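Read the structure below first, then the notes.
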Amino acid sequence: MAQTTGMTMTQKILAHAAGLESVEVGQLLLANLSHVLGNDITTPLAINEFRSMGATEVFDRNKISLVMDHFAPNKDIKAAAQCKMCREFAAEMSIDGFYDGGAMGVEHVILPEKGRVTAGDVVIGADSHTCTYGALGAFSTGVGSTDMAVGMKTGKAWFKVPAALRIVLTGSLPKWVSGKDVILHLIGLIGVGGALYQSLEFCGSGVASLSMSERLCICNMAIEAGAKNGIFPVDEQTLAFLTEAGAGTPQVFAADENAEYARTIEIDLSSMVPTVAFPHLPENTRTFERADTPTGGAVIGEVPIDQVVIGSCTNGRLEDLQIAASILRGRTVAPGVRVLIIPGSQKVYLAAMEQGLLKDFIEAGALVSTPTCGPCLGGHMGILAAGERAVATTNRNFVGRMGHVASEVYLASPAVAAASALAGKIDDPRVVAKASSMSHRA
Amino acid sequence: MTSFIARSQVIKYGDNVDTDVIIPARYLNTSDKKELARHCMEDIDTSFVERAKTANVIVAGKNFGCGSSREHAPVVIKENGIALIVAASFARIFYRNAFNIGLPIVECAEAVSDADDADEFSADLQAGTLTNHTKDKHYEVVAYPEFIQQIIEAGGLSKLAQSGGLD
């Protein structure tokens with residue numbers, strides 16, 4: 146008998162959800178879903194599709210989350226009509242996970258926070274950044290509205306079992322360098338199609354040093370390398386997070402020793418440096434110094450900016466705001482730079498208020514908004530005019546992403562974004578943090 | 020979903036055409052397909068909507084449809100009369116969305132590299148063949164997996180689900 150090949154963590158979760166002993170790369174299967182997610186842009190299409198199937202009830206009212214976050218609080222009459230459609234559908238179907246108004250927040254910040262996802266789950270969301278929940282040890286991936294509709298009706302989705310890239314992390318990150326720099330570095334290394342149709346399986350002794358916020362940020366941007374999902378092993382930190390959030394009982398899956406990987410990439414976290422993705426692709430990464438930068442040596446140079454956005458499903462968590470506040474506290478943002486701080490959820494907002502971070506931001510000359518996806522996708526709350534540049538802690542810098550087609554988005558960590566807010570140009574948080582002066586640098 | 024794509028001109032694009040340019044998010048405050056379709060590709064190609072009235076095939080490079088999961092992207096392409104997309108590769112969410120809504124797509128890097136904008140193409144997806152009439156070249160494409168065939172034959176995923184195909 147031929148020697149059997151082991152399975153990756155992703156493959157094991159998919160096999161379990163499909164009721165199979167084992168699966169092979171490329172195999173198509175029908176998996177039972179633990180959770181189905183949609184937002185105010187993708188859910189209306191899904192509702193239309195759901196109705197067109199003649200469906201009258203959802204597979205499980207407790208396993209669906211609808212989050213009004215993209216164009217909410219309603220940016221115009223049309224957006225209001227879309228949210229209203231979702232609201233009425235949620236009421237009709239008695240869906241318990243409808244998040245709107247004071248209960249809203251950016252979907253991928255609030256689902257983990259509210260314990261809607263646990264380890265071992267299979268989650269689909271009609272939003273590409275659904276891959277975020279891989280940080281919790283779940284298989285989680287973005288789909289379209291038709292998949293969402295069929296998922297809401299049947300509780301099932303079809304998947305092709307992905308091959309895997311193994312990302313071995315060692316060491317720990319230097320100060321002012323974060324998970325965002327790690328994922329930008331990786332995307333710069335393998336490209337926006339570098340993990341196409343594959344899973345990104347993070348592992349190694351460096352995992353333990355990454356906070357849950359960092360793991361969520363890293364998995365969030367797996368899609369920007371084309372990946373089907375990103376996933377982290379479950380450790381003590383994961384279990385503590387899930388318990389704190391009141392999530393369901395975790396089912397822990399671990400990769401087999403003899404699992405096969407298409408490619409293995411080793412990243413020494415201690416060698417990471419602040420990294421920025423230039424327009425108009427997340428793979429266009431650059432660093433502040435040329436000397437043996439892992440991303441290829443392109444330097445950032447002088448890039449004057451008009452706007453800074455700190456928030457989003459990538460970097461809108463409390464830890465992100467704490468880092469930004471530690472740089473902005475007692476200083477003043479550069480004249481002419483609009484600095485937008487957007488907490489990812491009401492819980493984050495409240496904690497930031499209680500910890501005095503909002504005061505730090507406002508006194509530094511930033512503005513603080515209610516949670517929303519807003520400017521990240523060029524929706525509202527911070528749109529760019531032609532010729533304007535923004536440093537954003539968001540996840541995409543495509544043409545026209547934050548506004549006019551002739552505007553530019555530079556993707557960075559909260560530390561780089563905050564340092565840039567003070568300097569009025571893209572700046573290095575390691576340098577800004579060293580400056581003893583409390584006055585602004587502009 | 021039709022498997023025979025009649026001869027027509029192609030509209031050619033490069034690598035990494037993302038869903039934000041296929042249909043910019045600023046228009047997604049509606050689900051009206053006709054209204055959305057008017058803005059298809061406008062951030063990279065203002066002539067698309069006009070050209071798509073006669074040219075029914077898109078040919079593109081690597082990672083077509085990357086970025087957002089918005090199904091509005093394949094929907095507006097289809098709504099503009101595009102009957103087939105040939106790309107070197109597709110981003111995975113776009114790939115499944117296209118089948119799920121009944122828009123035929125095939126991967127064929129060779130056909131893409133040979134093709135110029137406005138070349139004449141036809142295809143027989145049942146037989147798995149593509150033809151570039153301008154260059155007088157023929158290509159064989161890999162057959163779809165059986166489950167994808169079922170989605171295609173049903174006319175999309177929701178129709179397959181409706182007929183009990185997922186039970």
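Sequences listed follow chains A and H, in order.
Read in order, the letters of the first sequence correspond to residues 146 to 587 in our numbering.
Read in order, the letters of the second sequence correspond to residues 20 to 186 in our numbering.
Here a beta-carbon is modelled for each residue, glycine too, at the ideal position from N, C-alpha and C.
Since the structure is predicted, the reported quantities are computational estimates derived from the model, not experimental observations.
- The continuous alpha helix (DSSP H) containing A:ASN193 extends over residues 188–197.
- Boundaries of the beta strand (DSSP E) around A:VAL453: 452–456.
- The count of Cβ pairs closer than 8 Å, one atom from the region 212–227 of chain A and one from the region 258–266 of chain A, stays below three, leaving the stretches out of contact.
- With distances taken between CA atoms, H:PRO43 lies nearest to H:HIS91 out of H:SER22, H:LYS72, H:ALA142, H:HIS91.
- Residues of the same chain with a CB within less than 8 Å of the CB of A:VAL337, apart from the 5 flanking positions on each side, are GLU369, ALA370, GLY371, LEU426, PRO427, GLU428 in chain order.
- A:ARG360: member of the alpha helix (DSSP H) spanning 357–365, first to last residue.
- Nearest in C-alpha terms to H:ILE101, of all of H:THR73, H:ALA146, H:SER132, is H:THR73.
- Taking CB atoms only, A:PHE543 has a neighbour in chain H less than 8 Å away.
- Looking at H:PHE113, H:LYS31, H:GLN169, H:ASN35, the one whose alpha-carbon comes closest to that of H:VAL131 is H:LYS31.
- Apart from the 5 residues on each side of it in sequence, A:ALA557 sits with its Cβ closer than 6 Å to the Cβ of VAL421, VAL536 in its chain, given in chain order.
- Straight across, the Cα-Cα distance linking H:VAL105 with H:PRO93 is about 13 Å.
- At a cut-off of 8 Å between beta carbons, A:LYS259 makes no contact with chain H.
- Listed in chain order, the positions of the region 36–64 of chain H with a beta carbon within less than 8 Å of a beta carbon of chain A are ASP37, ASP39, VAL40, PRO43, ALA44, ARG45, LEU47, ASN48, THR49, SER50, ASP62, ILE63.
- With a minimum length of 3 residues, the unbroken runs of beta strand (DSSP E) contained wholly in the region 477–548 of chain A fall at 483–487, 534–537.
- Residues of chain A with a Cβ closer than 9 Å to the Cβ of H:ASN116 are, in chain order, VAL288, GLY289, SER290, THR291, ASP292.
- In the DSSP annotation of this structure, the continuous segment of the alpha helix (DSSP H) that includes A:ALA385 starts and ends at 381–390.
- Across the set A:LEU190, A:ASP413, A:PHE204, the C-alpha of A:ASP413 shows the shortest separation from the C-alpha of A:GLY324.
- For H:CYS85, the nearest beta carbon of chain A is closer than 8 Å to its own beta carbon.
- Apart from sequence neighbours up to five positions away, the residues of its chain that approach A:TYR494 with a beta-carbon distance below 6 Å are PRO488, ordered along the chain.
- The alpha carbon of H:SER50 has as its nearest neighbour, out of A:GLN172, A:ILE186, A:LYS320, the alpha carbon of A:ILE186.
- Three or more beta-carbon pairs separated by less than 8 Å are not found between the region 57–70 of chain H and the region 115–127 of chain H, which leaves the two stretches without contact.
- For A:VAL313, the uninterrupted beta strand (DSSP E) segment begins and ends at 309–315.
- Out of H:PHE140, H:VAL95, H:ASN75, the CA that lies nearest to the CA of H:GLU54 is found in H:VAL95.
- For A:CYS231, the three-state secondary structure derived from DSSP is helix.
- Taking C-beta atoms under 8 Å as the contact rule, A:TYR342 and A:LYS373 qualify, at a distance of about 6 Å.
- The C-beta separation of A:GLU194 from A:THR291 comes to about 5 Å, placing the pair in contact by the 8 Å criterion.
- Per DSSP, reduced to three states, the secondary structure at H:GLU98 is helical.
- Around the beta-carbon of H:GLN168, fewer than 16 other beta-carbon atoms lie within 10 Å, marking it exposed.
- Under the Cβ criterion of 8 Å, H:ARG70 is not counted among the residues facing chain A.
- The Cβ atoms of A:VAL262 and A:TYR278 sit closer than 8 Å to each other.
- Judged by DSSP secondary structure, H:GLU126 falls within the beta strand (DSSP E) whose first and last residues are 124–126.
- For A:MET213, the nearest beta carbon of chain H is not closer than 8 Å to its own beta carbon.
- The C-beta of H:ASN75 comes no closer than 8 Å to any C-beta of chain A.
- With contact defined as three or more Cβ pairs closer than 8 Å, the region 522–535 of chain A and the region 451–464 of chain A are in contact.
- A straight-line Cα-Cα distance of about 50 Å links A:GLU499 and A:GLU169.
- Burial state of H:GLN145 is exposed, judged by a 10 Å Cβ sphere holding fewer than 16 other Cβ atoms.
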